[in-house]
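**Student:** If you use the working numbering, the sequence shown corresponds to residues 159 to 432, in order. Below you'll find the structure I mean.
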Amino acid sequence: MMQKYEALKMRLKDMAPVAVAFSGGVDSTFLLKAAHDALGDDACAITVEAPYIATWELDEANMLTESMGVQHIHLSLAIPESITHNPENRCYLCKTAVFTAIKQTAAERGFKTVVDGSNADDLQDYRPGMQALKELGVESPMLAVGLTKQEIRTLSKMLKLPTWDKPPYACLLTRLPYQTEVVTDVLRRIEKSEKYLMDKGIRAVRVRTHGDLARIEANSSELPKLLLPETMRAVNEALIAFGFKHVTLDLAGYRMGSFNETLTEMKPLSEQDS
């Protein structure tokens with residue numbers, strides 16, 4: 159694991175100067191820390207601000223870069239026209255638009271290479287956005303050196319990064335069924351609902367939407383606190399106040415990208431590329 163970490167820093171030195179696509183999640187925070195330690199001012203963070211990104215996550219990203227003393231560039235983008243109805247290849251189209259803008263901004267600021275936080279485990283999941291990164295020449299150094307998610311969490315803890323045990327998070331578009339119009343008010347409704355649940359101590363949670371119905375996914379370990387009668391009443395009242403008409407709990411629990419279960423032809427990226 160430590161050999162991989164040293165290999166990561168050496169790889170980053172070969173790419174300098176480097177701009178890290180930074181969301182404030184586990185992976186990008188660890189990558190930014192490694193880049194800053196290896197390169198100093200030859201590393202920066204670029205964070206995209208868009209309607210489908212939770213504002214609390216942007217706030218956390220700001221706090222993290224301030225604590226590291228890293229140059230932080232903010233890039234404000236609208237919802238790309240190509241994804242306004244949440245197509246099945248949304249991630250590919252979105253990554254293409256977003257990383258095209260990131261690369262342009264990085265070049266204008268004098269940063270030669272754009273890197274992202276993909277890791278070795280991402281090859282085992284449905285990640286069509288990774289194809290866009292390859293086409294645009296975005297580097298994934300943690301994937302290249304074989305760092306897994308668990309190794310990144312372990313190293314993050316060793317480096318005293320506050321994100322070491324942060325639950326996975328994804329853009330708010332993943333809460334909408336495919337072929338659904340993307341409406342900013344609905345995205346804010348989802349964001350408020352998830353933040354409310356997180357503030358209740360339910361950390362790994364998703365609020366998927368089906369029209370006016372909210373489908374809550376939570377880890378099985380967190381179900382006992384969610385199923386307390388007083389909590390259920392409070393959650394129901396809060397989410398209805400945010401704009402939902404019906405609130406339900408998914409008995410299958412939280413799982414990453416559950417709307418992908420509706421896709422009929424889905425392969426891991428490693429198979430798609432073969």
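Each residue gets a CB set at the ideal place from its N, CA and C atoms; glycine is no exception.
Rounded to whole angstroms, what's the CA-CA distance from L197 to E224? Just pull it up for me.
**Tutor:** So the two alpha carbons sit approximately 17 Å from each other.
**Student:** Measuring from the CB of D323, is there a heavy atom of the ligand GDP at a distance below 8 Å?
**Tutor:** The ligand GDP is absent from the structure shown, which contains no ligands of any kind.
**Student:** Enumerated in chain order, which unbroken segments of the alpha helix (DSSP H) with a length of 4 residues or greater are wholly contained in the stretch 212 to 244?
**Tutor:** Runs found: 213 to 226.
**Student:** Here's a check: name, in chain order, each residue in its chain whose Cβ is nearer than 8 Å to the Cβ of D323, leaving out the five neighbours to either side.
**Tutor:** Here the set comprises R311 and K315.
**Student:** For V405, report the span of its alpha helix (DSSP H) as first-last.
**Tutor:** No alpha helix (DSSP H) holds V405; the beta strand (DSSP E) holding it covers H404 to L407.
**Student:** Three or more beta-carbon pairs under 8 Å between the stretch 167 to 174 and the stretch 251 to 268, yes or no?
**Tutor:** Short answer: they don't touch.
**Student:** DSSP three-state call for L427: helix, strand or coil?
**Tutor:** Residue placement at L427 is flagged as unreliable, the pLDDT there being 36, under the threshold of 50; the coordinate-derived value follows with that caveat. Three-state result, L427: helix.
**Student:** Thinking C-beta only, is G275 closer than 9 Å to D185?
**Tutor:** Taking 9 Å as the Cβ cut-off, D185 and G275 qualify as a contacting pair.
**Student:** Can you tell me which residues form a DSSP beta bridge with T464?
**Tutor:** Any property of residue 464 remains undetermined from this structure, which presents the chain solely from 159 to 432.
**Student:** To the nearest angstrom, report how far apart G227 and K403 are at their CA atoms.
**Tutor:** If I take the Cα positions, the gap works out to 44 Å.
**Student:** Return the first residue and the last residue of the beta strand (DSSP E) that A434 is part of.
**Tutor:** A query on residue 434 cannot be resolved here, the shown segment of the chain reaching from 159 to 432 and no further.
**Student:** Nearest CA to the CA of P175: which residue from D217, L381, N377 and R267?
**Tutor:** The shortest Cα separation from P175 among D217, L381, N377 and R267 belongs to R267.
**Student:** Please state whether DSSP places R361 in a helix, a strand or coil.
**Tutor:** Residue state, collapsed to three classes: coil.
**Student:** Under a three-way DSSP split, which group does T306 fall into?
**Tutor:** DSSP places T306 in coil when its eight states are reduced to three.
**Student:** Taking the straight line between their C-alpha atoms, what separation do you get for G182 and G304?
**Tutor:** Cα to Cα, the separation comes out at about 21 Å.
**Student:** Closest by CA to L381, which one among S240, N394, T367 and L407?
**Tutor:** Of S240, N394, T367 and L407, the residue nearest in Cα terms is L407.
**Student:** Rounded C-beta distance between I211 and F180? I'm assuming under 8 Å.
**Tutor:** With a Cβ gap of about 12 Å, I211 and F180 do not count as contacting.
**Student:** If you count every other CB in all the chains shown that lies within 10 Å of the CB of S234, and 16 or more means buried, which is it?
**Tutor:** So S234 counts as exposed.
**Student:** Anyone know if the C-beta pair for R413 and L331 falls short of 9 Å?
**Tutor:** Cβ distance not < 9 Å, so R413 and L331 don't count as in contact.
**Student:** Please classify A392: is it buried, with 16 or more other beta-carbons within 10 angstroms of its beta-carbon, or exposed?
**Tutor:** It counts as exposed.
**Student:** Which whole runs of the alpha helix (DSSP H) in the stretch 252 to 305 are 4 residues long or more, in chain order?
**Tutor:** You should have 287 to 294 and 299 to 302.
**Student:** Are there 16 or more other CB atoms within 10 angstroms of the CB of L189, so buried, or fewer, so exposed?
**Tutor:** L189 comes out buried.
**Student:** For a test of the three-state rule: what should DSSP assign to T321, helix, strand or coil?
**Tutor:** It is coil, neither helix nor strand.
**Student:** Measure from the alpha carbon of K383 to the alpha carbon of each residue in K358, G369 and H368, then state which is nearest.
**Tutor:** Nearest of K358, G369 and H368 to K383, Cα basis: K358.
**Student:** I'd like to know whether the C-beta atoms of T367 and P209 end up nearer to each other than 9 Å.
**Tutor:** Result no, Cβ atoms of T367 and P209 do not sit closer than 9 Å.
**Student:** Distance check for G369 and A193, CA to CA, integer angstroms please.
**Tutor:** Between A193 and G369, the C-alpha separation is close to 42 Å.
**Student:** Does the beta-carbon of S351 have 16 or more other beta-carbons within 10 angstroms, so that it is buried, or is it exposed?
**Tutor:** Buried: at least 16 other Cβ atoms inside 10 Å.
**Student:** In angstroms, rounded to a whole number, what distance separates the CA positions of L385 and V296?
**Tutor:** Each residue's alpha carbon lies about 43 Å from the other.
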